[in-house]
Amino acid sequence: MGVLVKAALLTSLLFSSASAILTITAKGAKLFTSDGKQFFNKGVAYQATPDDPLVNLNQCTLDVNLMKTMGVNSIRVYHVDPQQNHDACMKVLADAGIYVWLDMDTFTTYITQDNPYWNAFQYSRYAEVMDAFIKYDNIAGFWVANEAINTAAGSGAAPFIKAAVADMKAYRDSKNYRKVPIGYSAADIAELRPYLQNYLACGPVDNARIDFFGLNSYEWCGDNTYQGSGYPVLQAQAVNYSQVIFFSETGCNVGRPRLWQDQSSILGPDMVDNWSGAIAYEWVEETNNYGLVNYGSPGGTVLSGTPTPIQPDFTNLANQWKTLNPKGVSQAAYTPSLSPPACPQSTAGGWLVNGDVSVPTLGVAAVTKVPLSSAGASTATNPGASGTSNIMAPDNSTSSTTSGNAVSSTSENLTSFIPASMSSILSSLLTASAVSTTRASNMGSVAAATTSASTSSTAGGVAVRDVSGGIGFGGFVLAVLEYLLL
């Protein structure tokens with residue numbers, strides 16, 4: 001047997017799967033590993049490089065070795081290049097017992113509230129990410145979007161998020177892939193939270209509902225208590241929630257050092273019966289000062305190298321997690337009893353989507369994947385980017401149904417479900433100008449934090465993130481190899 005053949009076989013054996021790690025599934029409102037034990041996140045947001053943090057084996061190894069010392073069992077990754085090989089990093093993570101919650105969108109495919117659309121170009125890019133990562137047993141779940149809606153006026157984009165969920169679940173099932181959970185990560189906007197949370201979980205069709213809802217919340221600041229933090233409001237909205245819910249970002253940095261006292265409520269008696277843990281924002285220090293480690297001198301923003309803990313924040317979080325080890329309930333003993341919530345009705349000057357409206361799904365059987373050119377650009381027009389067509393039905397004529405109503409293929413059909421007083425607002429959203437190539441709140445990056453009482457229904461002021469400044473991860477162009485048409 002030739003040397004090259006032997007090397008190829010060894011590589012295949014070593015990296016064909018991430019490692020012998022249990023898979024995660026969503027059952028009702030809880031997460032379980034494949035041995036039947038309930039799973040709770042002790043996670044960190046991990047995006048040291050803007051395009052893909054899971055391709056540099058040396059960097060992954062350095063970071064994961066330090067993560068293990070603080071008890072990390074999951075990471076959230078915002079962007080990857082599906083054309084790259086991720087076997088080595090995913091194996092390092094799996095060997096450490098660390099799962100990955102992976103966003104499928106990019107700067108060129110994310111769903112925006114200003115000009116919402118869901119089309120074959122986005123579908124194709126999402127499918128590429130799923131195809132590339134589905135083989136790893138430590139993939140815990142896929143996000144279809146992050147903070148796509150951050151104002152009440154932008155809530156008309158919600159059906160497009162739901163369409164992405166439905167189509168990606170259908171794609172997953174059509175390929176006979178493992179039923180990896182699919183969900184959404186939301187900004188913590190008090191006037192939106194219960195409506196969006198319930199809308200994404202409502203309706204009669206299971207595949208149109210999210211499997212999990214992530215909340216990016218920065219309400220608990222400084223030395224605080226459960227009652228004083230505003231968390232009782234979040235808990236009240238989770239008690240009867242039929243889907244998995246957890247904090248997809250947390251870690252207010254107003255009032256240093258960060259004590260991470262919220263973890264004792266999230267993973268303790270106050271909330272553990274309903275929440276599946278939390279993901280701390282974030283691993284590497286950037287200009288927003290949310291990092292747990294840095295790679296250079298203190299206060300620096302170098303994004304690679306040997307990670308050095310930022311103290312006492314790093315140790316404070318590690319110490320919290322050491323004492324918090326909830327057992328939960330076994331999968332065999334758990335029978336989901338909560339029904340999906342009712343679809344919220346529109347409100348004057350607030351939530352725009354009126355009930356269980358039809359969503360603009362593409363329909364897996366009718367979609368032809370859109371290839372990329374060698375320069376990473378679409379070889380077909382992206383209708384949403386031009387602002388001339390917001391919903392692209394397959395073949396420009398057919399559409400599929402994901403609710404009790406037929407799926408619309410025009411923006412007018414969507415606005416027909418909304419009161420006349422709000423139609424003009426949504427119409428302007430659906431015909432907005434071209435999408436920006438940067439992602440402010442959609443990125444999950446944090447520029448700064450300020451105190452504001454007007455953004456929450458909780459007593460007193462809470463911290464909110466100011467995303468009007470630059471983006472923590474920076475802009476980038478996703479360059480990929482020629483995509484082969486399936």
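Just so you know, UniProt numbering puts 134 at position 134 of the sequence shown, and the rest follows in order with no gaps.
Ideal placement from N, C-alpha and C gives every residue a C-beta, glycine not left out.
- Which term fits Ser389, buried or exposed, when burial requires 16 or more other beta carbons within 10 angstroms of its beta carbon? Residue 389 sits at position 389 when you count from the first residue of the sequence shown. A caution first: Ser389 carries a pLDDT of 29, below 50, which makes its placement in the model unreliable, though a value can still be read off. Buried is the label assigned to Ser389, since at least 16 other Cβ atoms lie within 10 Å of its Cβ.
- Item | Three-state class that DSSP yields for Ser457 in the structure shown | Mapped onto the sequence shown, residue 457 falls at position 457. The pLDDT assigned to Ser457 is 31, lower than 50, so where the model puts this residue is not dependable, and the model offers no usable value.
- Item | Separation of Leu234 from Ser185, as counted between CA atoms | Here residue 185 refers to the residue found at position 185 of the sequence shown. Here residue 234 refers to the residue found at position 234 of the sequence shown. Rounded to whole angstroms, Ser185 to Leu234 spans 15 Å at the Cα level.
- Between which two residues does the alpha helix (DSSP H) harbouring Ile161 extend? Locating residue 161 in the sequence shown gives position 161, where the first residue counts as 1. Looking at the DSSP string, the run of the alpha helix (DSSP H) that includes Ile161 is 158-174.
- Task: Note down the Cα distance separating Lys169 from Tyr99, rounded to an integer number of angstroms.
- Result: Sequence index remark: in the sequence shown, residue 169 carries index 169 (1-based). Sequence index remark: in the sequence shown, residue 99 carries index 99 (1-based). Taking the straight line from one Cα to the other gives about 20 Å.
- Helix, strand or coil at Asn289 [DSSP, three-state]: The residue given as residue 289 occupies position 289 in the sequence shown. Correct three-state label for Asn289: coil.
- Query: The beta strand (DSSP E) with Thr315 in it runs from where to where?
  - Reply: Within the sequence shown, residue 315 is the residue found at index 315, counting from 1. Thr315: not part of any beta strand (DSSP E); member of the alpha helix (DSSP H) spanning 313-323, first to last residue.
- Query: Whose CA, out of Gly183, Ala94, Lys135, Asn240, lies closest to the CA of Asn176?
  - Reply: Here residue 176 corresponds to residue number 176 of the sequence shown, with the count starting at 1. The candidate whose alpha carbon is nearest that of Asn176 is Lys135.
- Inter-residue CB distance, Gly71 and Trp101 (contact presumed, cutoff 8 Å): For this step, residue 71 is matched to residue 71 along the sequence shown. For this step, residue 101 is matched to residue 101 along the sequence shown. Your pair Gly71 and Trp101 does not check out as a contact, with CB atoms roughly 17 Å apart and the cut at 8 Å.
- Sorted by chain position, which residues of the same chain lie with C-beta nearer than 6 Å to Arg193's C-beta, five sequence neighbours on each side aside? Residue numbering aside, residue 193 sits at position 193 when the sequence shown is read from its first letter. No residues qualify anywhere along the chain.
- Tell me, which residues are paired with Asn41 by DSSP? Working through the sequence shown from its first residue, we reach residue 41 at position 41. Under DSSP, Asn41 shares a beta bridge with Gly277.
- Message: Assuming Val129 is part of the beta strand (DSSP E), what are its boundary residues?
- Response: Residue numbering aside, residue 129 sits at position 129 when the sequence shown is read from its first letter. Unbroken run through Val129 is the alpha helix (DSSP H), 120-133; no beta strand (DSSP E).
- Task: Spell out the partners DSSP gives Leu102 in its beta bridges.
- Result: Along the sequence shown, read from residue 1 onward, the residue named residue 102 stands at position 102. For Leu102, which the question treats as bridged, DSSP gives the partners Val77, Phe142.
- Message: Here's a check: name, in chain order, each residue in its chain whose Cβ is nearer than 8 Å to the Cβ of Gln237, leaving out the five neighbours to either side.
- Response: Along the sequence shown, one-based indexing puts residue 237 at 237. Residues of the same chain with a CB within less than 8 Å of the CB of Gln237, apart from the 5 flanking positions on each side, are Arg193, Pro194, Gln197 in chain order.
- Message: Going by the DSSP bridge assignment, what does Leu31 pair with across the sheet?
- Response: Taking the sequence shown and counting its residues from 1, the one referred to as residue 31 is at position 31. Per DSSP, Ala26.
- Can you check whether the CB of Pro257 is closer than 9 Å to the CB of Asn316? Numbered from 1 along the sequence shown, position 316 holds the residue referred to as residue 316. Numbered from 1 along the sequence shown, position 257 holds the residue referred to as residue 257. At a Cβ-Cβ threshold of 9 Å, Asn316 and Pro257 count as neighbours.
- Item | Cβ contact check for the region 334-353 and the region 49-69: 3 or more pairs under 8 Å | At 8 Å Cβ cutoff, the stretches do not touch.
- Query: So, using beta-carbon positions, are Val80 and Pro53 closer together than 9 Å?
  - Reply: Counted from its first residue, the sequence shown places residue 80 at position 80. Counted from its first residue, the sequence shown places residue 53 at position 53. Here Val80 is near Pro53, since their CB atoms are less than 9 Å apart.
- Task: Could you have a look at Asn240 and say whether DSSP puts it in helix, strand or coil?
- Result: For this step, residue 240 is matched to residue 240 along the sequence shown. Per DSSP, reduced to three states, the secondary structure at Asn240 is coil, with no helix or strand assignment.
- Task: May I ask you to report which of helix, strand or coil DSSP gives Tyr334?
- Result: Counted from its first residue, the sequence shown places residue 334 at position 334. Residue state, collapsed to three classes: coil.
- Message: Can you check which of these residues, Asp167, Asn146, Gln84, Gln113, is closest to Asn119 by C-alpha distance?
- Response: The sequence position of residue 119 within the sequence shown is 119, counting from 1. Looking at the Cα atoms, Asp167 is the closest of the given residues.
- Message: Check whether the region 122-133 and the region 76-90 touch, using three or more Cβ-Cβ pairs below 8 Å as the test.
- Response: Segments in contact, yes.
- Task: Keeping to the same chain, check which residues put their C-beta closer than 6 Å to that of Trp260; ignore five residues upstream and five downstream.
- Result: Along the sequence shown, one-based indexing puts residue 260 at 260. Closer than 6 Å at the Cβ level, and outside the excluded window around Trp260, lie Asn316, Leu317, Gln320.
- Output yes or no for whether 9 Å exceeds the beta carbon distance between Trp220 and Ser276. For the purposes of this step, residue 220 is taken as the residue at position 220 of the sequence shown. For the purposes of this step, residue 276 is taken as the residue at position 276 of the sequence shown. Contact check for Trp220 against Ser276 fails: the beta carbons are separated by 9 Å or more.
- Thr146 versus Ala187 - alpha carbon distance: Indexing the sequence shown from 1 puts residue 146 at position 146. Indexing the sequence shown from 1 puts residue 187 at position 187. The amino acid occupying residue 146 in the given sequence is Asn; Thr does not appear at that position. The straight-line gap from Cα to Cα measures roughly 8 Å.
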